[in-house]
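Peer 1:
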Amino acid sequence: MVPIEGRQLAILLLWISLSAIVTVAFLWVVRSTRRPRDFDAVQSDGYRLRRGWGWVYGSLLIISFAVTIWTMPYAWAQQAAAKSPAITVEVVAHQFSFTMPSSLPARRLIKFVVTSADVNHGFGIYSPQGVLLAQVQAMPDYHNVLYFTFPGPGTYIIRCLEYCGEGHSAMQQPLKVYVSGSQATSVSKEA
Amino acid sequence: MRALQRAWPLALGLLVAIDLLGPLAFGAAAPPLALHHLEHAFLLVSGGLFAMAYVRRRPKPYGDPLWILAVIGLGTLSLVLMLPDVYGIVDAEPVLHTLLHVGFLVIGWLGGYAAERYAPKLGFGWQLLVIVMGVITATGFGSGPPVA
Amino acid sequence: MAKPVRVQEPVALHAADIGLTPRRLVGMTLSVGLGLIFVLGMIGGIMKAAQGNLIQLQPGTFYALLTLHGAGMISTVVLLTAVALWYVLHDHLSLRPDMLVFSVVAIVWGLVAATVAVLVGGFGPAWTFLYPLPFMGTWPSWSTGLFFFGVLFVGVGFAIFCFDLMAGIIRTYGSIWNGLAWDTWIPRLRRPDGKVAPPSVIAASMVAIDGLITVAAGSVLVVALLAHWFSPKFPIDPLWIKNLTFFFGHTIANLAIYVSAGVIYYILPKYTGRAFHTNKVYALSWAISLFFVPWAWPHHLYMDFVQAPWLQVGGEASTYIATIPATVVTIFGSLLLVYRSDMRWRPGSTLFLAGILGWLVGGVAAMLDATIPFNAVLHNTLWVPAHFHTYLLGGVFLFVLGFTSYFVGERQTPGRLVKAIEWTFFTGLVGFLLMFYAGGIEGVPRREAVQPPPGPILADIATGFVAILLVGLVAMLIEFWVRAKRNAANGEAEGL
Ligand code: HEM
Ligand SMILES: [Cu+2]
Ligand SMILES: [Cu+2]
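Protein chains in written order, with my numbering: chain U, 1 to 191; chain E, 192 to 339; chain R, 340 to 835.
Below is the structure:
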């Protein structure tokens, strides 16, 4: 099993708790039909509750939206991208492999410039334990820029994350990530 | 208000005439692709509006399903006429191009007419269809990726 | 102003002449559609078994089946919900059976074309057929063209449905705006007789408008692809067509839920003995849906970082906004309708209620996925099929089954047997869905013939649940069939 950590853990907990809340509310409504009452008697309370629920839900959305604006993966939203110098790495996806360096340094900001030579592909970075850390699409005629810092050394896996034809599920390759300074020569360009 | 209601076909007719005849008279170059698609949508919508006004004055029994099939067929036809392969033929010759634009006006009219014949006010549905198609084609139908 | 004419003279095809009453027509469509769902569900089970290495499939075969399953399910579910909405409104809006025949026939022909392209030609770029993959696969060129013609036919069928719905609404309420109940806000629009559209008509009006918008987008998409197929010179911008593909694909799948809402508004009151009433809140909430549903598609392109920032941010905002009417008005309203009502628990009402729960839970999962930082680790993982199977299979499809149960008549349901069927079906359903979610959290990609661990083991378990689910489904369909025959023999039709 792949460890569940980071964002995945947050997502799982949110999904389980929110689903549990709505399920409990739902079952409560279902059970209430054992004690029927007139609609008029429950309707006005219901509308008041609806207004409250509308406010709660709306606020949740606004908060979530405000938070996510600052945590988007795009270059324009990434503080790091603006500040520290990055190593530029070009990635070209083909049916069914990636042309890119086979090793990169850890704990350095990397600017992946990703494109495709044929159809749409995905560029997914999996940790040595198999956790999906980041991704971006590889689209022909376009260059997508992904800023990413490998948290530590190890053998990461680059996996295609957009269906691209018969060989899609075999489209993955290892990426050696080393501690900075120990092997700096294999990096293509410094930006 | 009343006057406006009576005057709009005239005003619209004038606009359409300028749009059709202007390029012939002054030999203007074709507008950029996006604008050109919108121009076609304008002609389609105008034709539809004329048809709706026309049918409203002469109410007819309605209801044959074939009218709806005609509406859908005409919508598709208008898209086919915007293909570059069709365009290659008419682009060089201003008269042909103007004829094609008259064709869009006619298709718009027929579409509006057919929709109204199926049910009064259904010309609205036809207009919705051509406007959406026009706006979407204007965002990139027939143009390739930007050269990087 | 000319006097409105009211003539009902179908000329081309007299549905009644060929023995097609609305009831028979709808009954036949339901039978065909539900049969198709079962077959496509079997294909789903075969895919799971292949992912779990229980059977061997060539990757090409796997992806062809995936394409067929996706395209077939979406078209069939749209057809089934449309037919259900048509049935509950056809009297009220004088909708025409011959038009329904046209749309059903067009959709079925589209499905036949797509099936031939997939099964004979091996066409397999998945149901979203993202350019340029359809032109760069291992399948023959004819299958690509045939498939696109199939999509065109499905679009034509849906367009006919929307046009006739719109015509019926305008005929009955004077304008589409009154169909949307905007007259509750704008007194000038109000009809002299004070008649306002009931909620199911409001839903139908939204569906007719957004449906036509979707079809218009779909026709530009398909004509562009067909043009490229005829002449590869025809230029296509990959980013433009990806946006267009999801504008069409997302919106049409999403609309199935809004069509279902119209059915819920009509049917749920029959079981609870309480009615939905149009008011300003309903009109406003459906106006929000009308405007924001067609703007939700950019959430499919969050991981295309070159996409314009306003579309990314705006896409998240409009996706969020589009959920408000559903959550605060339709779902809440349905639960309020049930709360302490004298609910008659029949197979139909159980299915409708379960569907609402599926809609909610799937909706929560969808919202998480539509949140950009989360999307970065969920996009194209099994989380995506997890959430949409929750509200399509565990939501919309349950509404269709619930409608069918209502349609065949709820009298003389064999209580114990139905309980057993329901337990089987829902056990299979929940287990199947949970395995999808587990795969998503574990980062297993979707659309893979061969998955990285723990995909295969999850697929093994899921296959077992699919088997249970399908057994439950068959039993349920047989029970409907038997009930339909018995009720018909007793001269009783739909209802409780
Ligand atoms: C009856 C039980 C069903 C089973 C066992 C099933 C199974 C599956 C499986 C295994 C996949 C592939 C997931 C992946 O690895 O990417 C899939 C995809 C899909 N399913 Fe289902 N499914 C069922 C019902 C439905 C229903 C009712 C709908 C829609 C109304 C639906 C729509 C789809 C769609 C759109 C896809 C995506 C296809 C693609 O990725 O191109 N399914 N399903
Ligand atoms: Cu791939
Ligand atoms: Cu032109």
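Yeah, the Cβ is synthetic: ideal placement off N, Cα and C, and Gly gets one too.
1) Quick one: what's got a C-beta closer than 6 angstroms to R/LEU717's C-beta in the same chain, skipping five residues either side?
2) Beta carbons nearer than 7 angstroms to chain U: which residues of the stretch 465-484 of chain R have them?
3) Here's the rule: buried if 16 or more other CB atoms are within 10 angstroms of the residue's CB, otherwise exposed. What is R/SER570?
4) Determine the DSSP secondary structure at E/TYR278, reduced to helix, strand or coil.
5) Is U/LEU109 helix, strand or coil when you go by DSSP?
6) Helix, strand or coil: how does DSSP classify U/LYS176 here?
7) Cβ of U/HIS94 within 6 angstroms of any heavy atom in ligand 2?
8) What span of residues does the beta strand (DSSP E) with U/TYR147 cover, start to end?
9) Given this structure, state the Cα-to-Cα distance separating R/LEU616 from R/ALA465, to the nearest angstrom.
10) For R/ARG345, which residues of its own chain have a beta-carbon under 6 angstroms away from its beta-carbon, when the five flanking residues on both sides are left out?
11) Would U/ARG147 count as contacting chain R if we go by Cβ distances under 7 angstroms?
12) Within the present structure, is the beta-carbon of U/ALA196 separated from the nearest heavy atom of ligand 1 by less than 6 angstroms?
13) Which partner residues of U/THR115 appear in the DSSP bridge assignment?
14) Within the present structure, is the beta-carbon of U/HIS121 separated from the nearest heavy atom of ligand 2 by less than 6 angstroms?
15) Please list, in chain order, the residues of the stretch 510-525 of chain R that have any C-beta partner in chain E closer than 8 angstroms.
16) Return the residue from the list R/THR368, R/ALA665, R/ARG510, R/ALA626 that minimises the CA-CA distance to R/THR523.
17) In the DSSP assignment, find the unbroken alpha helix (DSSP H) run with U/GLY46 in it and report its ends.
18) Which word fits E/ASP282, buried or exposed, when buried means at least 16 other C-beta atoms lie within 10 angstroms of its C-beta?
19) Does chain R have any CB closer than 7 angstroms to the CB of U/ASP45?
20) Tell me whether the beta-carbon of R/LEU772 lies closer than 7 angstroms to the beta-carbon of R/THR729.
21) Between which two residues does the alpha helix (DSSP H) carrying U/TYR216 extend?
22) Hey, is R/ALA465 close to ligand 1, as in C-beta under 6 angstroms from one of its heavy atoms?
23) Report the residue from R/ILE508, R/GLY778, R/GLU749 whose alpha carbon sits nearest the alpha carbon of R/VAL821.
24) Name the one or two DSSP bridge partners that R/TYR604 has.
25) Residues in its own chain within less than 6 angstroms of R/HIS638 by CB, not counting five upstream and five downstream?
26) With distance defined between alpha-carbon atoms, name the residue in R/GLY779, R/ILE817, R/GLY794 nearest to U/LEU9.
27) Could you give the distance in angstroms between the alpha-carbon of U/GLY81 and the alpha-carbon of R/ALA705?
28) Under 7 angstroms Cβ to Cβ from U/SER186, same chain only, skipping five residues before and after it: list those, please.
29) At a Cβ threshold of 7 angstroms, is U/ASN144 touching chain R?
30) Report the start-end ranges of each alpha helix (DSSP H) in the stretch 421-458 of chain R that is 4 residues or longer and not cut off at the edges.
31) Taking CB distances under 7 angstroms as the criterion, tell me whether U/ILE87 reaches chain R.
32) List the DSSP bridge partners of U/PHE98.
33) Whose Cβ in chain R lies nearer than 9 angstroms to the Cβ of E/ALA310?
34) Give the C-beta separation of U/THR149 and U/LEU109 to the nearest angstrom, bearing in mind that I take them to be a contact with Cβ-Cβ under 8 angstroms.
35) With a threshold of 16 other CB atoms inside 10 Å of the CB of U/MET1, please say whether the residue is buried or exposed.
Peer 2: Walking through what the data contain:
1) As a position in the third sequence, residue 717 of chain R is number 378, starting the count at 1. Excluding sequence neighbours, R/LEU717 sits near ASP708.
2) ALA465, LEU469, PRO471, LEU472, MET475, GLY476, THR477
3) Position 231 of the third sequence, counted from the first residue, corresponds to residue 570 of chain R. R/SER570 is exposed by the Cβ-count criterion.
4) Against the second sequence, residue 278 of chain E aligns to sequence position 87. E/TYR278 falls in the helix class under three-state DSSP.
5) Along the first sequence, read from residue 1 onward, the residue named residue 109 of chain U stands at position 109. It is a strand residue.
6) Along the first sequence, read from residue 1 onward, the residue named residue 176 of chain U stands at position 176. Correct three-state label for U/LYS176: strand.
7) Residue numbering aside, residue 94 of chain U sits at position 94 when the first sequence is read from its first letter. No.
8) Here residue 147 of chain U is taken as the residue at index 147 of the first sequence, counted from 1. Note, U/TYR147: beta strand (DSSP E), 144-149.
9) Working through the third sequence from its first residue, we reach residue 616 of chain R at position 277. Working through the third sequence from its first residue, we reach residue 465 of chain R at position 126. It should be pointed out that residue 616 of chain R corresponds to His in this sequence rather than to Leu. Computed Cα separation, rounded: 42 angstroms.
10) As a first step, residue 345 of chain R must be located in the third sequence, where it is residue number 6. Confidence is the limiting factor: at R/ARG345 the pLDDT is only 43, short of 50, which leaves the residue's position unreliable and the question unanswerable from this model.
11) Position 147 of the first sequence, counted from the start, is the residue given in the question as residue 147 of chain U. In the sequence under discussion, the amino acid at residue 147 of chain U is Tyr, which differs from the Arg named in the question. No, no contact with chain R.
12) With chain U covering 1 to 191 only, the question about residue 196 of chain U has no answer from this structure.
13) Within the first sequence, residue 115 of chain U is the residue found at index 115, counting from 1. U/THR115 pairs with U/VAL92.
14) Reading the first sequence from its first residue, position 121 is the one you call residue 121 of chain U. Under cutoff, so the answer is yes.
15) ARG510, SER514, ILE515
16) In the third sequence, counting from the first residue as 1, residue 523 of chain R sits at position 184. Among R/THR368, R/ALA665, R/ARG510, R/ALA626, the Cα nearest to that of R/THR523 is on R/ALA626.
17) Locating residue 46 of chain U in the first sequence gives position 46, counting from the first residue. Note, U/GLY46: alpha helix (DSSP H), 39-69.
18) Within the second sequence, the letter at position 91 stands for residue 282 of chain E. Result: exposed.
19) As a working note, residue 45 of chain U is residue 45 in the first sequence. So no, U/ASP45 is outside the interface.
20) In the third sequence, residue 772 of chain R corresponds to position 433, counting from 1. In the third sequence, residue 729 of chain R corresponds to position 390, counting from 1. Yes, Cβ-Cβ distance for R/LEU772 and R/THR729 is below 7 angstroms.
21) Residue 216 of chain U lies beyond the residue range present for chain U, which begins at 1 and ends at 191; the question has no answer from this structure.
22) As a position in the third sequence, residue 465 of chain R is number 126, starting the count at 1. Yes - ligand 1 has a heavy atom lying nearer than 6 angstroms to the Cβ of R/ALA465.
23) To locate residue 821 of chain R, count along the third sequence from 1; it is residue 482. For the residues R/ILE508, R/GLY778, R/GLU749, the minimum Cα distance to R/VAL821 belongs to R/GLU749.
24) Working through the third sequence from its first residue, we reach residue 604 of chain R at position 265. None, per the DSSP bridge assignment.
25) Within the third sequence, the letter at position 299 stands for residue 638 of chain R. Counting only Cβ-Cβ distances below 6 angstroms, and skipping sequence neighbours, we find GLY654, THR658, ALA709.
26) Start at 1 with the first residue of the first sequence, and residue 9 of chain U comes out as number 9. Nearest C-alpha to U/LEU9: R/GLY779.
27) On the first sequence, residue 81 of chain U is found 81 positions in, with the first residue counted as 1. On the third sequence, residue 705 of chain R is found 366 positions in, with the first residue counted as 1. It is Ala, not Gly, that sits at residue 81 of chain U in the sequence shown. Straight-line Cα distance between these residues: approximately 29 angstroms.
28) Numbered from its first residue, the first sequence carries residue 186 of chain U at position 186. Because the pLDDT of U/SER186 is 43, which lies under 50, any placement of that residue in the model is unreliable, and the question is left without a value.
29) For the purposes of this step, residue 144 of chain U is identified with residue 144 of the first sequence, where counting begins at 1. True, the Cβ-Cβ gap to chain R drops below 7 angstroms.
30) 436-458
31) Your numbering for residue 87 of chain U matches position 87 in the first sequence. Answer no: the Cβ-Cβ gap between U/ILE87 and chain R never drops below 7 angstroms.
32) Taking the first residue of the first sequence as 1, we reach residue 98 of chain U at position 98. Paired residue(s): U/ALA93.
33) Taking the first residue of the second sequence as position 1, residue 310 of chain E is located at position 119. Per Cβ cutoff of 9 angstroms: PHE502, ASP503, MET505, ALA506, GLY507, ILE509, ARG510.
34) Indexing the first sequence from 1 puts residue 149 of chain U at position 149. Indexing the first sequence from 1 puts residue 109 of chain U at position 109. Right, their Cβ atoms sit about 5 angstroms apart.
35) By one-based count along the first sequence, residue 1 of chain U stands at place 1. The residue in question, U/MET1, is exposed, as its Cβ has fewer than 16 Cβ neighbours within 10 Å.
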